[in-house]
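K.L.:
Please find one structure pasted underneath; my questions will follow.
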Amino acid sequence: MPNELTHLDAEGKANMVDVGDKPESDRTAIAEGFVYMHPQTLSLIEQGALKKGDVISIARIAGIMGAKKTSDLIPLCHPLPLTKVDVDLKLDKQKNAVHIVARTRTVGKTGVEMEALTAVSTAALTIYDMAKAVDR
Numbered sequence: 043m044p045n046e047l048t049h050l051d052a053e054g055k056a057n058m059v060d061v062g063d064k065p066e067s068d069r070t071a072i073a074e075g076f077v078y079m080h081p082q083t084l085s086l087i088e089q090g091a092l093k094k095g096d097v098i099s100i101a102r103i104a105g106i107m108g109a110k111k112t113s114d115l116i117p118l119c120h121p122l123p124l125t126k127v128d129v130d131l132k133l134d135k136q137k138n139a140v141h142i143v144a145r146t147r148t149v150g151k152t153g154v155e156m157e158a159l160t161a162v163s164t165a166a167l168t169i170y171d172m173a174k175a176v177d178r
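If you count the sequence shown from 1, position 5 lands on 47 in the working numbering, and the numbers rise without skipping.
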């Protein structure tokens with residue numbers, strides 16, 4: 043593994059990596075995360091009983107939107123033409139959590155791991171926002 047940071051120039055200034063000469067290839071990434079909560083909150087999500095609406099559906103859409111906005115949120119990320127974003131959310135009653143898994147895909151010159159991570163983060167933040175009134 044190289045010891046140099048690719049996002050810094052010779053003077054230590056931040057810059058976007060030049061991927062112009064790299065060949066295009068199939069790129070995929072998977073990221074996952076959990077949002078932990080009280081059992082009662084998880085039950086309310088399962089029942090669709092939170093005042094803000096269907097947490098799982100809205101978090102899924104938020105995750106997809108987050109992946110698409112990654113280059114707007116992370117300063118040195120390249121804008122990518124995503125060919126697939128899948129955000130899967132499952133209630134995990136043993137952990138009192140919502141388990142989030144995001145899969146991203148493109149054909150391009152740079153990876154899609156930041157898009158997968160941003161999808162998970164955005165979905166998790168949406169769950170927190172929707173449930174915070176009953177569980178802080």
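Positions of the beta carbon are idealized from the N, C-alpha and C atoms, including for glycine. Note that this is a predicted model, so its numbers are computed, not measured.
THR160 to THR148, Cα distance in whole Å?
P.N.:
Cα to Cα, THR160 sits roughly 15 Å from THR148.
K.L.:
Out of THR48, PRO65, ASP63 and LYS64, state which residue places its alpha-carbon closest to the alpha-carbon of ASN57.
P.N.:
Of THR48, PRO65, ASP63 and LYS64, the residue nearest in Cα terms is THR48.
K.L.:
Flag this pair as yes or no: are the beta carbons of ARG145 and ASP134 separated by less than 9 Å?
P.N.:
No.
K.L.:
Pick out the complete beta strand (DSSP E) segments inside the segment 94-142, 3 residues or longer, and give them in chain order.
P.N.:
Complete beta strand (DSSP E) runs here, min 3: 126-134.
K.L.:
Alpha helix (DSSP H) containing ALA165: first to last residue?
P.N.:
Start and end: 155-173.
K.L.:
So which of LEU118, SER163, LEU92 and ALA166 has the shortest CA-CA distance to ASP60?
P.N.:
For the residues LEU118, SER163, LEU92 and ALA166, the minimum Cα distance to ASP60 belongs to LEU118.
K.L.:
Considering just the uninterrupted stretch of the alpha helix (DSSP H) at GLU88, what are its terminal residues?
P.N.:
Segment 81-89, the alpha helix (DSSP H) holding GLU88.
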